[in-house]
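Data block below; observations after.
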Amino acid sequence: MAEYIDYDEPIQYALGEPARRTGLGGLSMRATVVLAAGFGCFLLLQLSGMGTVGFVVVIPLTLVIMAVISFTIAGRSVAQYAQIIWQDYQRHRHGAHIYISGGQSRVPGGRRRLPGLLARTEAICGIDSAGQEFVVILDRPRREATVMLDVTFTGQTAMTQGERNSMTADWSRWLAGLSLSGDIAQCVVVVATRPGSGSLVANEVRDIISDTAPDIAKRIMLEAAQVISLARPEVLGHIAITVKLDKDSLKDDGFLNQLGTRVPSWASSLQWAGMLAEPLSYDKLVARIHSFFNPATEADFEALAINGAGHDLSWADAGPSVAETFTDSYYHDGACSVSWEMREAPRSTFEDTLLQGLITPHDRVVRKRVALCYRPFEAGVGASRVEAEHRDAMVAANSSKKITSAKAEIRLEHTEAARRAQARGAQLGRFSLFVTATMDRHDDMARVIHDVEQLGAGASIRLQSMRHQQDVGFQITCGVGQVPWSKSSTSSMVTTAS
506 MAEYIDYDEP IQYALGEPAR RTGLGGLSMR ATVVLAAGFG CFLLLQLSGM GTVGFVVVIP
566 LTLVIMAVIS FTIAGRSVAQ YAQIIWQDYQ RHRHGAHIYI SGGQSRVPGG RRRLPGLLAR
626 TEAICGIDSA GQEFVVILDR PRREATVMLD VTFTGQTAMT QGERNSMTAD WSRWLAGLSL
686 SGDIAQCVVV VATRPGSGSL VANEVRDIIS DTAPDIAKRI MLEAAQVISL ARPEVLGHIA
746 ITVKLDKDSL KDDGFLNQLG TRVPSWASSL QWAGMLAEPL SYDKLVARIH SFFNPATEAD
806 FEALAINGAG HDLSWADAGP SVAETFTDSY YHDGACSVSW EMREAPRSTF EDTLLQGLIT
866 PHDRVVRKRV ALCYRPFEAG VGASRVEAEH RDAMVAANSS KKITSAKAEI RLEHTEAARR
926 AQARGAQLGR FSLFVTATMD RHDDMARVIH DVEQLGAGAS IRLQSMRHQQ DVGFQITCGV
986 GQVPWSKSST SSMVTTAS
């Protein structure tokens, strides 16, 4: 008898578990490799008559290295965390944690370039196959081009649960399509909230008021617009799709023609997922990124947009005038920001409204950005990784003569579910989440930090502050194609404890 599925009921979703390899005796694969190497060196010393050296030097050194790469602090191995602290100390010792731009600075040409990861990027405009202008953020050294899509979210409009389920399925299919192309490095979705100035609402009301309307009616409409827009938060969103390029297309900017044929399909297919998307223009991109670093300019950019005037600010001048990185915060142009990263994803199943509390405007956190990063695996690579992970989970569940632990059983269930989903056409990817809250210098930082962490806890997400790398977290949540994994400055051997 066929199972009845009620599509008007909320669907339970699951993210699975982080990929990891299990080695000997439940140890991580890297710890097992270190143990094997140490044991091999010990045997060679024994055969050569230097057994004392093996006992005194090799065995203790092997155990220390295993501990360093196995034990974790804040989700990172001890070795990686020590490297991060050392690099941050070196940066502060040389004064590199302070960024000053402008005419009297060391920035070439006296420009106000974006700092850190964004300093070497450039913005190039193109025309897509639909005749619309689109902007690409190009990182030439890494041969990566990021296409920006401006997004208006419609998920908060009244709709049935069946419609919500359909939109979520279409969003999943859109993400799965990124794996099939094979050249997508990552996709970053940014949802930003900020206090509104009321100019947009007032301008809209002026447009709809008839010239022949009575004066009292005009006054009522204008006063109503003023009341409605008073401290009303605004929600901004954009999607950054990063594409890997080859050398030939990068030489003559031929990649613009290739991307121009893909941008309309990316934007149009998002409407089925409840998003109205269009290519982000050059002026909008520069204004949005600069206002992230300098919130005081938000009203000025909004006034220029209403009047239809350009701001004449280039990408090379979109950065802050002054910025300083501290252990737990990032100060920039009179504002202060704190960034978090997702330490633990939801372990249990969840509904499609999981992130609603985190991304919607909050009364006490007036400015915040939530960046959801998705890094797809290529279709063939994803299938092989799922099979390898399932075999490893089976070995871990059956490696002991004792009763199988509940954790091993759950991992085996997740990998089996991933195999079934892969067989039905699903694709494999990695999700990460970053949050940045921006406040004025006189705001209570401890209260804002508590509120954001509680919002994360309400979404079953454990957030942790990006200590010693607050500037990196801020730039990641800007959503312009820069992600930390491909630019890690720590050793690949100790990057994780897996």
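Residues in the sequence shown are numbered consecutively from 506, following the working numbering.
The beta-carbon is built from N, C-alpha and C at its ideal position, and this holds for glycine as well.
- Counting only runs of 4 or more residues that sit fully inside the region 921-984, the alpha helix (DSSP H) segments are 950-963 and 975-982, in chain order.
- Within the same chain, and ignoring the five residues on either side of Leu750 in sequence, the residues whose Cβ sits closer than 7 Å to its Cβ are Arg648, Glu649, Ala650 and Phe760.
- Within the DSSP secondary-structure output, Pro700 pairs in a beta bridge with Pro738.
- The beta carbon of Cys630 sits closer than 7 Å to the beta carbons of Glu638, Val640 and Tyr787 from its chain, once the five residues preceding and following it are set aside; these are given in chain order.
- Nearest to Cys841 by alpha-carbon distance, out of Val870, Leu863 and Pro851, is Val870.
- At a Cβ-Cβ threshold of 8 Å, Phe831 and Gln975 count as neighbours.
- Contact check between the region 770-786 and the region 655-669: three or more CB pairs, one atom from each, fall below 8 Å, which counts as touching.
- Note on the region 784-829: whole alpha helix (DSSP H) runs with a minimum of 4 residues are 787-798 and 803-811, in chain order.
- In summary, Pro646 is exposed, with fewer than 16 beta-carbon neighbours lying within 10 Å of its beta-carbon over all protein chains present.
- In the pairwise beta carbon analysis, the region 537-552 is classified as touching the region 563-572: at least three pairs are separated by under 8 Å.
- With a cutoff of 8 Å on beta-carbon distance, His602 and Arg596 are scored as near each other.
- For Leu654, DSSP records a beta bridge to Ile744 and Pro784.
- With respect to Tyr879, Gly934 sits close: the two C-beta atoms are nearer than 8 Å.
- Rounded to whole angstroms, the separation of the alpha carbons of Asp833 and Asp593 is 12 Å.
- In the DSSP assignment, Leu520 falls outside any beta strand (DSSP E) and carries neither an H nor an E.
- By the Cβ rule, the region 764-773 does not count as touching the region 942-956, because fewer than three pairs are nearer than 8 Å.
- Taking the Cα of Ala850 as reference, the smallest distance to any Cα among Leu938, Glu883 and Leu809 is reached at Leu938.
- Distances from the alpha-carbon of Asp513 to those of Pro620, Val538 and Glu668 put Glu668 closest.
- Leu877 carries a strand assignment under DSSP once its states are collapsed to helix, strand and coil.
- Taking C-beta separations shorter than 7 Å and ignoring five residues to either side along the sequence, the partners of Phe798 in its chain run Gly824, Pro825, His837 and Asp838, following chain order.
- Just measuring C-alpha positions, the residue of Pro620, Leu643, Arg874 and Leu775 sitting nearest Asp758 is Leu643.
- The Cβ atoms of Leu917 and Ala898 sit closer than 8 Å to each other.
- For Val768, the enclosing alpha helix (DSSP H) begins and ends at Phe760 to Ser774.
- Closest option to Glu627, judged by alpha-carbon separation, among Leu619, Ser634 and Asp633: Leu619.
- The beta carbons of Gly701 and Glu728 sit no closer together than 8 Å.
- Around the Cβ of Val652, a 10 Å sphere holds 16 or more other Cβ atoms; the residue is buried.
- Under a 10 Å Cβ-count criterion, Phe576 is classified as exposed, with fewer than 16 other Cβ atoms of the shown protein chains found around its own Cβ.
- Looking at the DSSP output, Ser842 bridges to Tyr835 and Thr943.
- Taking C-alpha positions only, Tyr835 is separated from Thr941 by approximately 10 Å.
- Straight-line measurement puts the Cα of Gln980 at about 29 Å from the Cα of Val886.
- Residue environment for Pro515: exposed (fewer than 16 other C-beta atoms within 10 angstroms of its C-beta).
- Cβ contact annotation for Pro866 (same chain, cutoff 6 Å, sequence separation greater than five): Thr698 and Pro738, in chain order.
- If you look at Glu883, you'll find it isn't in any beta strand (DSSP E); DSSP assigns it neither H nor E.
- Secondary structure note for Gly631: its beta strand (DSSP E) is the uninterrupted segment Glu627 to Ile632.
- Burial is judged here by how many other beta carbons sit within 10 angstroms of a residue's own beta carbon; Lys873 has at least 16 and is buried.
- Under a 10 Å Cβ-count criterion, Leu552 is classified as exposed, with fewer than 16 other Cβ atoms of the shown protein chains found around its own Cβ.
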